[in-house]
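In the UniProt record's numbering, the protein residues as written are 1 to 237. Below: the structure, in structure tokens.
What follows is the structure, encoded as structure tokens:
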């Protein structure tokens, strides 16, 4: 079970202020995302559901500074990142955001520990400190005995846990997960999601998880629904 942690006046780690996304112009114009306002606080683990093509991945890409909105503003830890240069956006992604995808996408020629250390190398962190932190994360995710193994020596669940540990390696404020359990059986999926939430709560992060797996929704603090590019109110179905 995940231990719930509460704080007074938790900080906002992600704010979307009337953010929308439109592709094309005139007769070819398609609205992928209607104006959305969302505030995600530290310690929150939010689930987003909705049918395919509802705008979930677009929303996650905008929140993760991978895609620029057509209108509106994006704030990460109260910093408006909407108009930053591509170089500055890359720096935000490296320092502030951790990504988890449906497939682990591990580098086949790197060991489990090296997968994490590569992130630290990109940030230019001290090697000794990075090594200690990587080992700590891997132990937290039950991978202490797998540090020197390669991806082809891991099970599917272990690979995904490596991917999650890697997402936490840059000590991000915000974790964004796109169908992180789609390739796992229900038991492993549950373990992975609860581990994610545990780290979010313990370290005052925030997380958004897109999922089609209704069995994972009870782990979430809030469940938001997207339909036709519109974010429904939390009591709407």
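Think of the CB as a built atom: it goes at the ideal place given N, C-alpha and C, for glycine as much as any other residue. For clarity, every value in this text was computed on a predicted model and none was experimentally measured.
Which residue marks the beginning of the beta strand (DSSP E) containing residue 12, and which one marks its end?
12 to 23
Could you tell me the distance, in whole angstroms, from the CA atom of residue 196 to the CA atom of residue 164?
7 Å
Cα separation between residue 25 and residue 17?
23 Å
Note down the Cα distance separating residue 109 from residue 118, rounded to an integer number of angstroms.
12 Å
How about the segment 172 to 186 and the segment 87 to 102: do they share at least three Cβ pairs that are nearer than 8 Å?
yes
Please state whether the Cβ-Cβ distance between residue 103 and residue 137 is less than 8 Å.
no
Residues of its chain near residue 158, where Cβ-Cβ distance is below 7 Å and the 5 sequence neighbours each way are ignored
143, 146
Looking at C-alpha atoms only, which residue of 219, 20, 67, 232 is the closest neighbour of residue 192?
219
How many angstroms separate the CA atom of residue 20 from the CA atom of residue 202?
32 Å
May I ask you to report which of helix, strand or coil DSSP gives residue 71?
strand
Provide the residue(s) that pair with residue 222 in DSSP beta bridges, ordered along the chain.
46
Let me confirm a value: residue 42 is counted as buried when at least 16 other C-beta atoms fall within 10 Å, else exposed. Which label applies?
buried
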